[in-house]
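Peer 1: The numbers in the sequence shown follow the numbering used here, run straight up by one, and end at 661. Every residue, glycine too, gets a C-beta built ideally from N, C-alpha and C.
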Amino acid sequence: MKHSVLLSSSIGLMVSIFVASCDNSVETDYNAISTIKYSQHVQPLLNRSCSTASCHDVSARAAGLSLASWHDLIKGSNHGEVIVPAHPSRSLLTRLFDGTALRKQHPTMQSSLSEIEINFLKRWITEGCKNDQGQVPYEHSTRKVYVPNQGEDNVAIIDVASLVVCKYVDVGSSPAVEGPHFTASDGIFWYVSLIGSGEVWKFDAHTDTVVKIAHVPGAPALLALTPDGSKLYVSQFTTSSTNKVIVVNTATMEVQKLISVWTMPHGIRMNHAGTRVYVANMMSDNISVIDVARDSVIGMFMVGVDANPFGPPRYMPMEIAVSPNDSLIAVSCSETREVRAFDAFTYEIVESFQVEDQPWHLEFTPNGDFCYVTNRRGNSVSVIHIPMRHVMETLSTPSAPKYFDYPHGCDITSDGSYTFVSNENSGHGFVPRYNLQFVGNVCIIDNTLNQVIKVLEVGEMPTGLSISP
193 MKHSVLLSSS IGLMVSIFVA SCDNSVETDY NAISTIKYSQ HVQPLLNRSC
243 STASCHDVSA RAAGLSLASW HDLIKGSNHG EVIVPAHPSR SLLTRLFDGT
293 ALRKQHPTMQ SSLSEIEINF LKRWITEGCK NDQGQVPYEH STRKVYVPNQ
343 GEDNVAIIDV ASLVVCKYVD VGSSPAVEGP HFTASDGIFW YVSLIGSGEV
393 WKFDAHTDTV VKIAHVPGAP ALLALTPDGS KLYVSQFTTS STNKVIVVNT
443 ATMEVQKLIS VWTMPHGIRM NHAGTRVYVA NMMSDNISVI DVARDSVIGM
493 FMVGVDANPF GPPRYMPMEI AVSPNDSLIA VSCSETREVR AFDAFTYEIV
543 ESFQVEDQPW HLEFTPNGDF CYVTNRRGNS VSVIHIPMRH VMETLSTPSA
593 PKYFDYPHGC DITSDGSYTF VSNENSGHGF VPRYNLQFVG NVCIIDNTLN
643 QVIKVLEVGE MPTGLSISP
């Protein structure tokens, strides 16, 4: 009996020592870690600090965010991404705790993570947010949205499958803002015009690294790429005396030709067959038609019978969209609050659609049944039903949260599921969730519901976005 008591006491003492040793385990020396392994170094830190039953575990998912695994973490929250690989300064996961001045603070008041732990997470993010297999989030993404942030010289890249910002790519080489204005992509390369520096940059679509830079005259604005990717047409948007479209050989990124059009070309669109380029001349109220094979103007038509190409503009055609079967040319007339549709063969007007103030960019759905139009000063998006010839719906957010604020660019996914709309936020109607700056956003519209299903904060003054095919 005495031996049994002694044995029990010994076992109890050993258990107590073991528990005590666990409770007082040696603190992790994060500075001594040479190679970060997610499951060994990052996930335990998140489990201890953030992934709790009352916060961001699998069941709680506060704001839709789970930090229970790498796959959950990279999906972000209902409001977008919480980490951006290689960009800790744009990653909410660390900005909430590193002393960055924000619009609101995390409920834990910065007590969850120590400075050493925050710096370690920043290092992991800087090194690419890799999982145990060394995979960088969305590094093999093939469906991307390219959003030029004209006010801060970078392009935000959105992964279409996950609907999060997965990367920021810096552009420009000058300390002054060079103004990335519009993007175009063929899935192999993507291009961005820098309206302030007279350049068009070409990037590898897989690595997002610069391939070559074209130096073009004037202020390059919108872009139209041939289906085979061999030529890029650039509208030259500077003053009311500018009247050129620039043709760039994409293999060399050299200017191949300058084509004279009318006054102040801005909108430019290639038809799907790759045979015609349509150019909206803002200050002369007309559309120039370029033959792609010859790179010469073969036609011109006025956007209204009362338009005067030599007088003050009445319509101010801003941008062009071409229907999937190439039969219709839709033109946004920013001065008259309308979209005018023209027969692509006769150039005769087919219909005029009254939309809202300052219609800007527009795009057809892949089946050709609808055309989505951003109304910049109207802070709305018009949905035109093409077969019925009427504006079916106007999407707006007049009260808080005001997502549409100076909507600018728009594009539609190849399956017709989503419309992405960039909002400059020039009126400061959209209040970012954490960022103190009034950055712009990208609204994602579910085209079946015609509802905004997600709003992603990007950078300052996002403009002409595009989606890879």
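Output the distance between the C-alpha atoms of G666 and S476, rounded to the nearest integer angstrom.
Peer 2: The chain is shown only over 193 to 661; residue 666 falls outside these bounds and no answer can be derived.
Peer 1: From I482 to I490, what distance separates their C-alpha atoms?
Peer 2: 6 angstroms
Peer 1: CB of P277 to nearest heavy atom of the ligand SAM: below 8 angstroms?
Peer 2: Only the bare structure without any ligand can be found here, which leaves the ligand SAM out of the picture.
Peer 1: How many Å lie between N478 and Y470 at the Cα?
Peer 2: 10 angstroms
Peer 1: Spatial neighbours of S184 within its chain, please: CB distance less than 8 angstroms, with the 5 preceding and 5 following residues excluded, ordered by chain position.
Peer 2: Since the displayed the chain opens at 193 and closes at 661, residue 184 lies outside it and no answer follows.
Peer 1: Identify the continuous alpha helix (DSSP H) that holds L657 and give its terminal residues.
Peer 2: From DSSP, L657 is part of no alpha helix (DSSP H); its letter is neither H nor E.
Peer 1: On the DSSP bridge assignment, give the partners of V356 in chain order.
Peer 2: V356 pairs with D351.
Peer 1: Per DSSP, what kind of secondary structure is G296 in: helix, strand or coil?
Peer 2: In the sequence on display, residue 296 carries Lys and not Gly. Here K296 sits in coil by DSSP.
Peer 1: Expressed to the nearest angstrom, what Euclidean distance is found between the alpha-carbon atoms of Y595 and R295?
Peer 2: 17 angstroms
Peer 1: Would you mind listing the beta strand (DSSP E) stretches within the segment 383-450 that are 3+ residues and don't spill past its ends, in chain order?
Peer 2: List check, beta strand (DSSP E) in window: 391-396, 402-407, 412-417, 423-428 and 436-441.
Peer 1: Contact between the segment 302-315 and the segment 222-234: three or more CB pairs below 8 angstroms?
Peer 2: yes
Peer 1: Quick check: H458 and E511, are their CB atoms within less than 9 angstroms of each other?
Peer 2: yes
Peer 1: In the DSSP output, which residue or residues are listed as bridge partners for P671?
Peer 2: With the chain represented from 193 up to 661, any question about residue 671 goes unanswered, as that position is not in the structure.
Peer 1: Below 8 angstroms, how does it come out for the segment 368-376 and the segment 397-410: are there three or more Cβ pairs, yes or no?
Peer 2: no
Peer 1: In terms of residue numbering, what span does the alpha helix (DSSP H) encompassing Q235 cover?
Peer 2: Annotation: the continuous alpha helix (DSSP H) that includes Q235 extends over Q235 to S241.
Peer 1: Quick check: what's the CA-CA separation for W454 versus K436?
Peer 2: 8 angstroms
Peer 1: Do you know offhand how far Q302's Cα is from L285's?
Peer 2: Because the pLDDT of Q302 is 48, which lies under 50, any placement of that residue in the model is unreliable, and the question is left without a value.
Peer 1: Helix, strand or coil, according to DSSP, for S519 in the structure here?
Peer 2: coil
Peer 1: Report buried or exposed for A255, applying the criterion of at least 16 other Cβ atoms within 10 angstroms of its Cβ.
Peer 2: exposed
Peer 1: Here's the rule: buried if 16 or more other CB atoms are within 10 angstroms of the residue's CB, otherwise exposed. What is T528?
Peer 2: buried
Peer 1: May I have the straight-line CA-CA distance separating F534 from G632, to the nearest angstrom?
Peer 2: 33 angstroms
Peer 1: Pull up the distance between the alpha-carbon of N559 and that of I460, whole angstroms please.
Peer 2: 21 angstroms
Peer 1: Using only the alpha-carbon positions, how far apart do R625 and V402 sit?
Peer 2: 32 angstroms
Peer 1: Assuming contact is defined by CB atoms lying nearer than 9 angstroms, are P654 and H620 in contact in what I supplied?
Peer 2: no
Peer 1: Among the candidates V356, G343, S333 and D324, whose CA atom is the shortest distance from the CA of G272?
Peer 2: Per the Cα distances, V356.
Peer 1: Mind checking whether Q550 and S526 have CB atoms under 9 angstroms apart?
Peer 2: yes
Peer 1: Helix or strand or just coil, what does DSSP make of P280?
Peer 2: helix
Peer 1: Mind checking I349: buried by the 16 CB within 10 Å criterion, or exposed?
Peer 2: I349 should be labelled buried.
Peer 1: Is the beta carbon of G268 closer than 9 angstroms to that of S377?
Peer 2: For S377 and G268, no; Cβs fall outside 9 angstroms.
Peer 1: What residues in its chain sit with their C-beta under 7 angstroms from that of V495, if we drop five residues either side in the sequence?
Peer 2: D477, N478, I479, Y507, P509, V523, C525 and R532
Peer 1: With DSSP run on the structure shown, which of helix, strand or coil describes L313?
Peer 2: helix
Peer 1: Whole angstroms are fine: how far does the CA of L288 sit from the CA of V276?
Peer 2: 14 angstroms
Peer 1: Hey, out of V352, L414 and V392, whose CA is closest to H553's CA?
Peer 2: L414
Peer 1: Flag this pair as yes or no: are the beta carbons of F381 and F395 separated by less than 9 angstroms?
Peer 2: Cβ atoms of F381 and F395: closer than 9 angstroms.
Peer 1: Helix, strand or coil for L288? Go by DSSP, reduced to three states.
Peer 2: coil
Peer 1: By the three-class DSSP mapping on this structure, what secondary structure does W454 have?
Peer 2: coil
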